[in-house]
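Numbering (the numbering used here), first residue to last: 155 to 569.
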Amino acid sequence: MTNSLTQLLGIQGFVVKAITQERQGLYSRVIVDISRTQQKFICGECGHECSTGIEYRTREIQHLSCWQHLTFLRFKQYRVKCPCCGLKVEALPFFERYSRVSVMLSNLVYQLCKVMTNKAVGIFQGLDDGTVKAIDKEKLQEKQTNRSLDGISALGVDEIFVGGKQCWHMISALDGPRGPELIYIGKGRKEKNLNKFWRWFGPQRTKLIKVGVMDMWKGFFNSFKAHCPGIVILYDKFHVITHLLDALNKVRRQELGRIGKRLKGLLTGKKFVLLSRLAHVRGKARESLNELLCASPRLRKAHLLKESFNHLWSYKSKTWAKKFWLLWKDSLKWTRLKQYDRFVRMVDKHLDGILSYCDHKLPLGFIEGTNLKAKNIIRRAYGYRDDEYMKLKIIQACSSLRFFQPWTVAFNNSE
Ligand SMILES: [Zn+2]
């Protein structure tokens with residue numbers, strides 16, 4: 155019997171000696187006593203192999219649960235007299251030094267935390283919230299430290315506000331080998347705040363960056379210009395459009411104050427349908443939008459201009475895109491839409507960077523998507539009170555680290 159259990163357990167160099175069961179609250183605990191088959195000990199400090207060990211203590215660590223039982227492995231841990239390091243505790247392949255769970259269980263917990271709340275993982279595996287979080291955070295830190303950063307030539311930077319006043323910058327690789335990925339989150343959005351990122355990214359890789367995508371914030375611009383020689387700055391569509399939507403919303407508010415009570419009911423609460431892309435407004439919302447646009451010619455004009463502005467990003471040539479922009483500005487002339495003037499000045503000032511898109515077709519939607527995902531995580535998880543963990547969770551959700559892969563070994567016949 156213990157033979158087949160040894161095989162099922164599949165830990166090389168160890169055999170199952172005995173099994174005991176006990177109760178722990180709602181859970182049933184199974185303790186599996188295992189012992190080693192060879193006199194082989196690895197120094198926990200340097201990895202040197204020693205043939206003698208000094209018995210040190212009995213350890214019990216939690217392993218993957220088996221049937222309806224929480225499962226624990228119990229074994230003797232030894233110390234070695236290492237020729238290089240002296241008397242040290244031995245290292246074992248199935249658990250990490252200070253951990254109370256096996257490597258296999260911590261891998262599973264890390265995977266489960268991608269798709270479940272930490273609380274649910276804790277209940278499911280019989281672990282307390284603190285342990286689940288500690289396992290998840292450590293794995294995330296390890297993945298973040300070891301992730302590959304090669305093959306990137308375009309970076310995008312964006313900012314996000316966390317709990318009121320605090321602001322973080324988020325940096326994405328837009329053309330990495332695994333598709334667009336969020337790679338870094340740091341505090342602040344000033345030029346000097348980004349220095350830490352460049353150090354982490356490395357001067358060799360920094361030199362290879364050809365395009366920087368950003369909003370019209372000066373701090374980001376200066377930092378990218380200072381670190382990447384010959385970089386092309388591209389202003390992100392999502393941020394340009396945001397400024398236009400702000401202007402349109404100002405027109406709406408002005409109309410709200412200008413026209414009589416009759417139309418007030420029509421205008422209030424219509425911010426969302428007015429600012430959405432027309433193609434996404436359907437059914438009842440579309441009807442009420444039409445009604446609203448018929449009632450206010452000024453708003454209709456402003457809305458029409460907002461819709462047509464998107465064409466700017468459909469051009470393949472800068473010359474034609476520029477012509478389109480001049481026409482768009484022209485059609486604004488007789489509308490007396492003062493709220494759009496500031497927007498026009500801003501686009502004129504940054505036109506080169508906006509039209510850079512014609513030469514560099516990058517997945518610009520990615521930055522907007524990242525921003526939305528990050529906001530969601532922050533809203534849900536502000537209770538973490540652990541900024542480092544929250545940053546890592548956002549990076550995970552916006553990169554290839556998010557894929558759920560609970561089983562890495564399907565069949566195991568080690569003996
Ligand atoms: Zn050693």
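Backbone N, C-alpha and C define an ideal beta-carbon position, used for all residues, glycine too.
In the three-state scheme derived from DSSP, where H, G and I count as helix and E and B as strand, Val184 is classed as strand.
Take His393, set aside five residues on each side of it, and the residues of its chain with a beta-carbon closer than 6 Å to its own are Asp369, in chain order. Apart from sequence neighbours up to five positions away, the residues of its chain that approach Lys291 with a beta-carbon distance below 7 Å are Tyr543 and Leu546, ordered along the chain.
Within 7 Å of the C-beta of Lys242 there is at least one heavy atom belonging to ligand 1.
For His202, the shortest separation between its Cβ and any heavy atom of ligand 1 lies below 7 Å. Taken through DSSP and simplified to helix, strand or coil, Trp221 comes out as coil. At least 8 Å separates the beta-carbon of Phe226 from that of Gly207.
Bounds of the beta strand (DSSP E) holding Glu176 are Phe168 to Gln178. Taking 3 residues as the minimum length, the beta strand (DSSP E) runs contained wholly in the stretch 271-337 are 308-316 and 320-327, in order along the chain. Counting C-beta pairs with one atom in each stretch, the stretch 494-509 and the stretch 474-483 have three or more that are closer than 8 Å, which means they touch. Exclusion of Glu542 from the 7 Å shell around ligand 1 follows from its C-beta lying no nearer than that to any non-hydrogen atom of the ligand. Shown here, Thr156 sits in a helix according to DSSP, grouped into three states. Boundaries of the beta strand (DSSP E) around Glu244: Gly240 to Ala245. At least one heavy atom of ligand 1 is found less than 7 Å from the C-beta of Glu199. C-alpha of Ala245 to C-alpha of Arg251: approximately 7 Å in a straight line. With 16 or more neighbouring CB atoms inside 10 Å of its own CB, His323 falls in the buried class. Along the stretch 409-467, the alpha helix (DSSP H) occurs as fully enclosed runs of 4 or more residues at 415-421, 425-429, 437-449 and 451-463, listed in sequence order.
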